[in-house]
Amino acid sequence: MRRLWLTILLLLSSPAWSQTLVASVEPLAKVLRGLYGGQVQVETLLQANQNPHQLALSPRQAMLVQQADLLVWLGETVEAPLAPLVARRQGPTLALLELEGVHRREGGHDHDHAHHDADHGDVTLDPHLWLSLDNMLLLAGALAQRYPQGLNQGEPARWQQAATARQGDHRQALAGLSDIPWLSYHHPWGYLTETLGLAEPLVVSRQLDAGPGSRRFVQLASQIRDQQVRCAIREPEARATLITRLCPDCQIQLLDPLGRDYPELDYLTWRDRLVEGFKACLQKAGAG
Numbered sequence: 027m028r029r030l031w032l033t034i035l036l037l038l039s040s041p042a043w044s045q046t047l048v049a050s051v052e053p054l055a056k057v058l059r060g061l062y063g064g065q066v067q068v069e070t071l072l073q074a075n076q077n078p079h080q081l082a083l084s085p086r087q088a089m090l091v092q093q094a095d096l097l098v099w100l101g102e103t104v105e106a107p108l109a110p111l112v113a114r115r116q117g118p119t120l121a122l123l124e125l126e127g128v129h130r131r132e133g134g135h136d137h138d139h140a141h142h143d144a145d146h147g148d149v150t151l152d153p154h155l156w157l158s159l160d161n162m163l164l165l166a167g168a169l170a171q172r173y174p175q176g177l178n179q180g181e182p183a184r185w186q187q188a189a190t191a192r193q194g195d196h197r198q199a200l201a202g203l204s205d206i207p208w209l210s211y212h213h214p215w216g217y218l219t220e221t222l223g224l225a226e227p228l229v230v231s232r233q234l235d236a237g238p239g240s241r242r243f244v245q246l247a248s249q250i251r252d253q254q255v256r257c258a259i260r261e262p263e264a265r266a267t268l269i270t271r272l273c274p275d276c277q278i279q280l281l282d283p284l285g286r287d288y289p290e291l292d293y294l295t296w297r298d299r300l301v302e303g304f305k306a307c308l309q310k311a312g313a314g
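In structure tokens:
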């Protein structure tokens with residue numbers, strides 16, 4: 027009987043770190059880890075070997091969605107496969123796109139991430155919302171209001187202050203590189219580059235899993251020569267050989283907009299790596 031009461035007391039006094047927070051993509055998980063630290067367990071739903079453009083959830087992932095103490099996702103507009111599971115959840119859920127003031131970018135007419143936005147006709151939403159630091163600041167504030175259990179002491183004010191300072195550092199790091207042309211396969215970087223003052227890139231294909239037709243290829247190759255493009259930012263799923271053929275003189279910088287290449291890094295440090303990658307590529311292109 028004594029052991030039974032001890033067990034009950036231990037369960038009743040179970041600390042917040044026993045809770046599990048699930049984020050749909052790794053950058054959101056990075057923000058959660060930065061805010062909650064070791065007080066909770068943070069899981070990323072999308073695994074590193076899964077194609078974000080053709081997402082099929084496993085039974086384990088479906089169970090994670092159902093059992094999470096908190097689910098943080100982008101929202102139905104850009105993560106439609108998750109929507110039916112989220113609708114059946116009993117626990118708290120936070121969708122970034124439902125937050126007032128969230129920054130949205132138009133992503134082009136045939137971007138394969140998103141569904142049509144009813145407010146913008148045929149224009150689709152750029153789904154890479156986590157690359158907007160303003161959106162992540164908004165998310166941090168919403169988490170503190172809706173799920174304060176387990177937050178590290180001083181959060182989210184400490185994180186938000188550090189993030190704001192980082193934004194200034196990143197703009198300074200890329201100062202003087204705004205006019206240098208660059209190439210992107212399907213351009214997931216708009217939320218990042220627009221706030222850093224970088225030029226819009228030449229885009230190989232609006233669909234990551236499809237290459238340009240022969241006419242588009244010839245047109246791109248001509249633009250690359252005419253604009254003297256010497257920097258290419260390549261996502262992991264992009265066709266490396268195609269980029270090399272299009273831009274044989276390019277400095278090719280491999281960066282992952284989903285942060286899967288640096289799973290151990292917190293969000294702000296990962297963002298540092300992205301800025302460093304852009305800076306190295308653009309500086310070398312400018313020097314050439």
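Quick note on numbering: the sequence shown equals residues 27 to 314 in our numbering.
Even for Gly, the Cβ is constructed at its ideal location relative to N, Cα and C.
None of the values given here were measured: they were computed from a predicted structure.
In summary, Asp205 is exposed, with fewer than 16 beta-carbon neighbours lying within 10 Å of its beta-carbon over all protein chains present.
With contact defined as three or more Cβ pairs closer than 8 Å, the region 269-282 and the region 248-261 are in contact. It is roughly 11 Å from the alpha-carbon of Ser84 to the alpha-carbon of Val91. If you ignore the 5 residues before and after Asp160, its C-beta comes within less than 7 Å of the C-beta of His129, all in its own chain and listed in chain order.
Looking only at Gln186, Gln309, Arg184, Gly237, the smallest Cα-Cα distance to Ala266 is reached by Gly237. Spatial neighbours of Gln193 in its own chain (CB-CB distance under 6 Å, excluding positions within 5 residues in sequence) are listed in chain order as Leu159. At least 8 Å separates the beta-carbon of Gly223 from that of Arg256.
Here Ala189 is buried: its Cβ has 16 or more other Cβ atoms, across all protein chains shown, within 10 Å. In this chain, the alpha helix (DSSP H) harbouring Thr270 covers 266-272.
Taking C-beta separations shorter than 7 Å and ignoring five residues to either side along the sequence, the partners of Cys273 in its chain run Leu209, Ile250, Val255, Ala258, following chain order. For Gln245, the enclosing alpha helix (DSSP H) starts and ends at 240-253. In the DSSP annotation of this structure, Trp215 is not part of any beta strand (DSSP E), being labelled neither H nor E. Its Cα nearest to that of Val112, the residue Asp95 stands out among Leu169, Asp95, Gly202.
In the DSSP annotation of this structure, the continuous segment of the beta strand (DSSP E) that includes Glu69 starts and ends at 67-70. The shortest C-alpha to C-alpha distance from Val66 to any of Gln76, Tyr173, Glu226, Gly303 is the one to Tyr173. The beta carbon of Ile269 sits closer than 8 Å to those of Leu209, Tyr211, Val230, Ala258, Arg260, Cys276, Ile278, all from its chain and outside the five residues before and after it, given in chain order.
Pairing Leu71 with Thr103 gives a Cβ-Cβ distance that is not under 8 Å. For Gln175, no alpha helix (DSSP H) run applies, since DSSP gives it neither H nor E.
In this structure, DSSP gives Ser210 an extended state, which the three-state scheme calls strand. Straight through space, the alpha carbons of Ser240 and Ala247 are spaced by roughly 11 Å. Annotation for Trp296: the continuous alpha helix (DSSP H) segment containing it runs 293-313. At the C-beta level, Trp185 and Gly60 come within 8 Å of one another. Going by DSSP, Trp99 is part of the beta strand (DSSP E) stretching over 96-99. Here the C-alpha atom of Lys310 lies approximately 32 Å from the C-alpha atom of Leu163. DSSP places Leu47 in the strand class (E or B) of the three-state scheme.
Here Pro53 really is in contact with Gly285; their C-beta atoms are around 5 Å apart, less than 8 Å.
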